[in-house]
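In numbering that gives the first Met the number 0, the protein residues as written are 0 to 305.
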Amino acid sequence: MSAPATPKVSRSHTLPLIWVVPLLALAIAGWLGFRELHNRGPEIEIEFAEAAGVDAGKTTLEYLGVVAGTVEQVKLKPGLNGVVLRLRLRRSAAGLAVEGSHYWIVHPEIGFSGVRGLDTLVTGVRLNVRPGHGPKTDHFVGLDQTPPPEVTDEGRSFILRSDRVGSLSTGAPVFYREFKVGQVESSWLATDATAVLIRIHILGPYVGLVRTSTRFWNAGGFNFKVSLLGAQLRDTSLESLITGGVGFATPDTGELAPAAESGAEFPVATDPDKEWLKWSPKIPVHSLEAGGEAKPKSGLLNELIK
0 MSAPATPKVS RSHTLPLIWV VPLLALAIAG WLGFRELHNR GPEIEIEFAE AAGVDAGKTT
60 LEYLGVVAGT VEQVKLKPGL NGVVLRLRLR RSAAGLAVEG SHYWIVHPEI GFSGVRGLDT
120 LVTGVRLNVR PGHGPKTDHF VGLDQTPPPE VTDEGRSFIL RSDRVGSLST GAPVFYREFK
180 VGQVESSWLA TDATAVLIRI HILGPYVGLV RTSTRFWNAG GFNFKVSLLG AQLRDTSLES
240 LITGGVGFAT PDTGELAPAA ESGAEFPVAT DPDKEWLKWS PKIPVHSLEA GGEAKPKSGL
300 LNELIK
């Protein structure tokens, strides 16, 4: 009787379980690294006078509510007269790295013109941008404050001359019969420092309301007067009481004055005369709120403001 064959023992080359976790972590890290490199856009530098609240690796740049980049470094300028932020834009936001783009730091702002950036009290400051349309560049000088809103319609801008700014800060509304028809764009001191000049923008459908004889007044804030004849509280809308604003009216005595040209200058009264509040000239407007459709300025709107 022959002896049984000796069995052959083979060992399969299996990967020890102890290596599974590190290899999986390495694969995930590799994928994240590849995705980061794939999404990386250009690097830019922005100069600011100061950068309170900005943290490298945390503070983000946002555009239209979407994260467009992250601050990678915060450093002092060589002359110690400012700071430089180095940002890495996302690939989809590369179009922001062009001349004409304006960057600013969003801080909480509470004033007569409204409340802005209040969420940064919880989330921390962030950067915002208004895109330009020039050639590519990687160096910018940031704005010290939030820029005025962009004007996107075909309205007109006018200049108001006032003794002081008061509640007529950027973004404050402009009212006609307590109906909002525009807003304050910006303000600055006159070249001789004798007055404050305030630029307002009237929306396209309502530009015909401003005539060469129009009177403007400060319609915002709380105004309570006491005299021998008794006490008087300014009659104003709730919005203007809270946010401030400008009111205006046009005389209806005699022939209607011609429409004011863009850039025309008007004085601003502290309070309206009683007769101004009674003026009610018939001036055609093409209001969208009335169910109309916006027309090009070259057509119907020109006829309305003649």
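Note that CB positions come from ideal geometry on N, CA and C, so glycine has one too.
Check: By how many angstroms is the C-alpha of F178 removed from the C-alpha of S239?; Outcome: Residue confidence is low: S239 scores 44 on pLDDT, short of 50, so the model does not pin down where it sits. Its coordinate-derived value is still stated next. Going from the Cα of S239 to the Cα of F178 covers about 10 Å.
Check: Suppose contacts are defined by Cβ-Cβ distances below 8 Å. Is G99 in contact with G133 by that definition?; Outcome: yes
Check: Compare the Cα-Cα distances from G262 to each of R160, R129, G141 and report the closest residue.; Outcome: R160
Check: Let me know the secondary structure DSSP gives W275 once reduced to three states.; Outcome: helix
Check: Return the chain-ordered list of same chain residues with a C-beta closer than 8 Å to the C-beta of W216, the five sequence neighbours on each side being excluded.; Outcome: V245, G246, F247, V267, A268, T269, D270, P271, W275
Check: If distances are taken between C-alpha atoms only, which option among Y175, T252, N127 comes closest to P204?; Outcome: Y175
Check: Identify which residue in T145, F265, P283 has its Cα closest to the Cα of S168.; Outcome: T145
Check: Excluding five sequence neighbours on each side, which residues of the same chain lie with their C-beta closer than 8 Å to the C-beta of A93?; Outcome: G40, P41
Check: Leaving out five residues on either side along the sequence, give the residues of the same chain with a beta carbon under 7 Å from the beta carbon of V53.; Outcome: V70, V73, L84, I104, V124
Check: Would you mind sorting G214 into buried or exposed? The rule is 16 or more other CB atoms within 10 Å of its CB.; Outcome: Note that residue 214 is Arg in the sequence shown here, rather than Gly. R214 comes out buried.
Check: For W18, count the other beta carbons within 10 Å of its own beta carbon; 16 or more makes it buried, fewer makes it exposed. Which is it?; Outcome: exposed
Check: Mark A259 as exposed unless 16 or more other C-beta atoms lie within 10 angstroms of its C-beta, in which case mark it buried.; Outcome: buried
Check: With DSSP as the reference, please indicate the residues paired to N327 in a beta bridge.; Outcome: Any question about residue 327 goes unanswered here, given that the chain covers just 0 to 305.
Check: Tell me which residues share the same chain as G81 and place their Cβ nearer than 8 Å to its Cβ, disregarding the 5 neighbours each side in the sequence.; Outcome: E46, F47, A48, E49, L75
Check: Thinking L188 and L126 are a contact (beta carbons under 8 Å), I'd like their distance in whole angstroms, please.; Outcome: With a Cβ gap of about 29 Å, L188 and L126 do not count as contacting.
Check: Would R155 be called buried (16 or more neighbouring beta carbons within 10 Å of its own) or exposed?; Outcome: buried
Check: By the three-class DSSP mapping on this structure, what secondary structure does I27 have?; Outcome: helix
Check: In the DSSP assignment, find the beta strand (DSSP E) that holds N217 and state where it starts and stops.; Outcome: 214-217
Check: Please classify I201 as buried or exposed, where buried requires at least 16 neighbouring CB atoms within 10 angstroms.; Outcome: buried
Check: Can you say whether S91 is buried or exposed, counting buried as having 16 or more other CB atoms within 10 angstroms of its CB?; Outcome: exposed
Check: In terms of DSSP beta bridges, what is P172 paired with?; Outcome: Q182
Check: Measure from the alpha carbon of Y102 to the alpha carbon of each residue in A67, K57, S185, then state which is nearest.; Outcome: A67
Check: Of all the options H106, H138, G56, P130, which has the alpha carbon lying nearest to the alpha carbon of L63?; Outcome: P130
Check: Pull up the DSSP beta-bridge partners for L306, would you.; Outcome: In this structure the chain extends from 0 to 305, so residue 306 is not present and cannot be described.
Check: May I ask you to report which of helix, strand or coil DSSP gives P204?; Outcome: helix
Check: Here's the rule I'm using: 16 or more other beta-carbon atoms within 10 Å means buried, otherwise exposed. How should P257 be labelled?; Outcome: exposed
Check: By a C-beta neighbour count over all protein chains shown, 10 Å radius and 16 as the cutoff for buried, is L208 buried or exposed?; Outcome: buried
Check: List the residues that DSSP assigns as beta-bridge partners of A258.; Outcome: R210
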